[in-house]
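Colleague:
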Amino acid sequence: MTFWLHLIILGLLGSLAGALWRVWVGPAQADRMMAAQLIGTTGIGVLVLLAVLQDWAALTVALALALLAAMAAIGFVKAASSDGAGDPEECAPGPTDARDGQR
Amino acid sequence: MSRVTMKAMIHRTVVFALIWAVLSAGDPAGQVLGLIVVPATVWLSVALLPARNPLKLWRLTGHTPRFLVGSVAGGVDVARRAFAPSMPLNPGWLRVPMQLGDGARVALGAELSLMPGTLAAGSDGSVLLVHVLDLDAEPGRAVEAQAAEIAALTDPAPEGP
Amino acid sequence: MPEGLADIATIVLTGIGLVFFLAGTVGLIRFPDVFSRLHALTKADNLGLGFIVLGAGFQADDWTQLAKLGLIWALALLAAGTVAQLVARAALRQEGRE
Chain B
69 MTFWLHLIIL
79 GLLGSLAGAL
89 WRVWVGPAQA
99 DRMMAAQLIG
109 TTGIGVLVLL
119 AVLQDWAALT
129 VALALALLAA
139 MAAIGFVKAA
149 SSDGAGDPEE
159 CAPGPTDARD
169 GQR
Chain D
1371 MSRVTMKAMI
1381 HRTVVFALIW
1391 AVLSAGDPAG
1401 QVLGLIVVPA
1411 TVWLSVALLP
1421 ARNPLKLWRL
1431 TGHTPRFLVG
1441 SVAGGVDVAR
1451 RAFAPSMPLN
1461 PGWLRVPMQL
1471 GDGARVALGA
1481 ELSLMPGTLA
1491 AGSDGSVLLV
1501 HVLDLDAEPG
1511 RAVEAQAAEI
1521 AALTDPAPEG
1531 P
Chain F
29 MPEGLADIAT
39 IVLTGIGLVF
49 FLAGTVGLIR
59 FPDVFSRLHA
69 LTKADNLGLG
79 FIVLGAGFQA
89 DDWTQLAKLG
99 LIWALALLAA
109 GTVAQLVARA
119 ALRQEGRE
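Shown next, in the form of structure tokens:
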């Protein structure tokens, strides 16, 4: 059991490493924004398994990470908006209609 | 204080008290602190997010299993496409006209993002922009069904006695 | 539940969880456009986390651990749905500007 859970943790970290390749190469800015969510979700998974292995103390850490990861991801997106604070909805682009540099 | 606000405060008090009970379990001092923390949180949450369209909790209980099944299907679907050597994708966009209010639209977007093959990307006026993985899978109908379910969860008019 | 059965459940569920995390990574690497990649990340990773949390739940000794696991998973789901929308929106805006 202990061995198996360690194996899964290693697998999760390997999966994270592979996904970070995408963050590394991009190319879109959004590919990089995904890093926050990626590390958050994988990190929570690892911490939950560590909690099972080590007396459940890490569970509170996983809970804190779950909260902070959401905030971090939202921060990542907001930081990329034009004024660094805004709501991505503030300048509305549609995928299909043509736009003429409104910004 | 309106009836809607009152009701929302009761709901939120119950939810926050439950969360606090979980967080502080086994620590009597922490539980006592909840007597301050929970009302303060309720006050803050009502200040930041005033109650307008009360959720119908009993409908939420009916909706949750469907949501769970849908999100499992969503994960399986995307995993299948990722692992398949041929990688069957036919990505594209849907523009779905919406009647929902802001909050419900965000909730719908969050939910759609976990359902099979759909991903919300905010709205353009009253049109919800949805990215779909496979245009051949008739995603439009699924989106509309979800929208109807979310609409049924909230009660637009304040509830009677 | 007997110890052995719970262990088997944990092993199977965490294994499935890892498969979904790997699927998310494969999708992130293989899918051709940023929006499709966002699908992969959001849906697969969250289902993976769901299975891992469920698997861990079979090892819990009391209800508070189960409740905390549930809270973690609910938070992760909420965050994933919200963040996916925001990132998709940001990507869309960026595309529109180019």
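These protein sequence lines are chains B, D and F, in that order.
Offset between the first sequence (1-based) and this note's numbering: plus 68.
Offset between the second sequence (1-based) and this note's numbering: plus 1370.
Offset between the third sequence (1-based) and this note's numbering: plus 28.
Backbone N, C-alpha and C fix where the C-beta goes; we use that ideal spot for every residue, glycine too.
If contact is defined by three or more beta carbon pairs under 8 Å, each pair taking one atom from either stretch, is the region 1441–1452 of chain D in contact with the region 44–55 of chain F?
Modeller: Because the criterion of three Cβ pairs below 8 Å is met, the region 44–55 of chain F and the region 1441–1452 of chain D touch.
Colleague: Which partner residues does A108 (chain F) have in the DSSP bridge list?
Modeller: According to DSSP, which records beta bridges pairwise, A108 (chain F) is partnered with nothing at all.
Colleague: Please check the pair L1484 (chain D) and A119 (chain F), which I expect to be a contact at CB under 8 Å, by giving their CB distance rounded to whole angstroms.
Modeller: That belief does not hold up - the Cβ atoms of L1484 (chain D) and A119 (chain F) are roughly 18 Å apart, past 8 Å.
Colleague: So with CB distances below 8 Å, who are the chain F contacts of I142 (chain B)?
Modeller: Residues of chain F passing the Cβ test: T110, V111, L114.
Colleague: Please classify S83 (chain B) as buried or exposed, where buried requires at least 16 other C-beta atoms within 10 Å of its C-beta.
Modeller: Under this definition S83 (chain B) is a buried residue.
Colleague: Would you tell me roughly how many angstroms separate the C-alpha atoms of W89 (chain B) and G1473 (chain D), rounded to the nearest one?
Modeller: For W89 (chain B) and G1473 (chain D), the distance between alpha carbons rounds to 35 Å.
Colleague: For chain F, check one thing: does any of its Cβ atoms lie closer than 8 Å to the Cβ of G1479 (chain D)?
Modeller: Yes, G1479 (chain D) lies at the interface with chain F (some Cβ there is under 8 Å from its Cβ).
Colleague: Around the C-beta of N74 (chain F), are 16 or more other C-beta atoms found within 10 angstroms, so that it is buried, or is it exposed?
Modeller: Burial call: buried.
Colleague: What does D61 (chain F) touch in chain D if you count any residue whose Cβ is under 8 Å from its own?
Modeller: What D61 (chain F) touches in chain D: P1461.
Colleague: Listing by chain order, which chain D residues have their CB less than 8 Å from the CB of A104 (chain F)?
Modeller: In chain order: nothing, as chain D lies at least about 11 Å away.
Colleague: Measure the Cβ-Cβ separation of L115 (chain B) and V93 (chain B) and say whether it is below 8 Å.
Modeller: Contact flag unset, no.
Colleague: Within the same chain, show all residues whose beta-carbon is closer than 7 Å to that of M101 (chain B), passing over the 5 residues directly before and after it, in chain order.
Modeller: Cβ within range, chain order: F144, V145, A148.
Colleague: Sort out for me which residues DSSP pairs V1466 (chain D) with in a bridge.
Modeller: DSSP, once it has assigned bridges, lists D:L1498 as partnering V1466 (chain D).
Colleague: For I76 (chain B), is the classification buried or exposed, using 16 other Cβ atoms within 10 angstroms of its Cβ as the cut-off for buried?
Modeller: Classification for I76 (chain B): buried.
Colleague: State the DSSP-derived secondary structure class of S1415 (chain D), mapped to helix, strand or coil.
Modeller: S1415 (chain D): helix per DSSP, three-state reduction.
Colleague: Would you report the Cα separation of L1405 (chain D) and I1389 (chain D), rounded to the nearest angstrom?
Modeller: Cα to Cα, L1405 (chain D) sits roughly 13 Å from I1389 (chain D).
Colleague: For a quick check, are the C-beta atoms of V1408 (chain D) and A1387 (chain D) less than 8 Å apart?
Modeller: Result yes, Cβ atoms of V1408 (chain D) and A1387 (chain D) sit closer than 8 Å.
Colleague: What is the DSSP secondary structure of D1504 (chain D), reduced to helix, strand or coil?
Modeller: It is a strand residue.
Colleague: Using a 10 Å radius around the Cβ and a threshold of 16 neighbouring Cβ atoms, would you call S1496 (chain D) buried or exposed?
Modeller: The residue in question, S1496 (chain D), is exposed, as its Cβ has fewer than 16 Cβ neighbours within 10 Å.
Colleague: Roughly how many angstroms separate the alpha carbons of A98 (chain B) and A1507 (chain D), rounded to a whole number?
Modeller: Roughly 26 Å between the two C-alpha positions.
Colleague: Determine the chain B residues that contact L82 (chain F) at a beta-carbon separation under 9 Å, and present them in chain order.
Modeller: Here the premise fails: no neighbours, minimum Cβ distance about 10 Å.
Colleague: Measuring only the C-alpha atoms, how far is F1453 (chain D) from G52 (chain F)?
Modeller: The straight-line gap from Cα to Cα measures roughly 10 Å.
Colleague: Going along the chain, which residues of the region 40–53 of chain F sit with their C-beta nearer than 8 Å to a C-beta in chain D?
Modeller: Listed in sequence order: V47, F48, A51, G52.
Colleague: Use the C-beta contact count for E31 (chain F): other C-beta atoms within 10 angstroms, 16 or more gives buried, fewer gives exposed.
Modeller: So E31 (chain F) counts as exposed.
Colleague: By Cβ distance below 8 Å, which residues in the same chain neighbour G1530 (chain D) in space, the five residues on each side in sequence not counted?
Modeller: With a pLDDT of 38 at G1530 (chain D), under the threshold of 50, the modelled position of this residue cannot be trusted, and the question is left open.
Colleague: Reducing DSSP to helix, strand and coil, say where A1521 (chain D) ends up.
Modeller: Helix, per DSSP.
Colleague: Considering only residues of the same chain and omitting the five flanking positions on each side of L1489 (chain D), which have a CB-CB separation below 6 Å?
Modeller: Around L1489 (chain D): S1483, H1501.
Colleague: Is it the case that the Cβ atoms of A141 (chain B) and V111 (chain F) are separated by a distance below 8 Å?
Modeller: Yes, Cβ-Cβ distance for A141 (chain B) and V111 (chain F) is below 8 Å.
Colleague: Distance, Cα to Cα, P163 (chain B) vs A96 (chain B)?
Modeller: Bear in mind that a pLDDT of 46 at P163 (chain B), under 50, signals an unreliable position, so the model cannot answer this.
Colleague: With 8 Å as the C-beta to C-beta threshold (strictly closer), list the residues of the region 1494–1510 of chain D near chain F in chain order.
Modeller: Flagged, chain order: L1499, H1501, L1503.
Colleague: Indicate the three-state DSSP secondary structure (helix, strand or coil) for G1471 (chain D) in the structure shown.
Modeller: Three-state DSSP puts G1471 (chain D) in coil, outside helix and strand.
Colleague: For a quick check, are the C-beta atoms of A88 (chain F) and L97 (chain F) less than 8 Å apart?
Modeller: Cβ distance < 8 Å, so A88 (chain F) and L97 (chain F) count as in contact.
Colleague: Can you give the Cα-Cα distance for A1518 (chain D) and V62 (chain F), rounded to whole angstroms?
Modeller: Whole-angstrom Cα-Cα distance: 29 Å.
Colleague: How would you call V120 (chain B), buried or exposed, if buried means at least 16 neighbouring beta carbons within 10 angstroms?
Modeller: Label assigned to V120 (chain B): buried.
Colleague: What does DSSP give as the partner residues of D1493 (chain D) in its beta bridges?
Modeller: In the sequence as presented, Asp is not what sits at residue 1493 (chain D); that position holds Ser. DSSP output for S1493 (chain D) lists D:L1498 as bridge partner(s).
Colleague: L1425 (chain D) by DSSP, collapsed to three states: which one?
Modeller: Strand.
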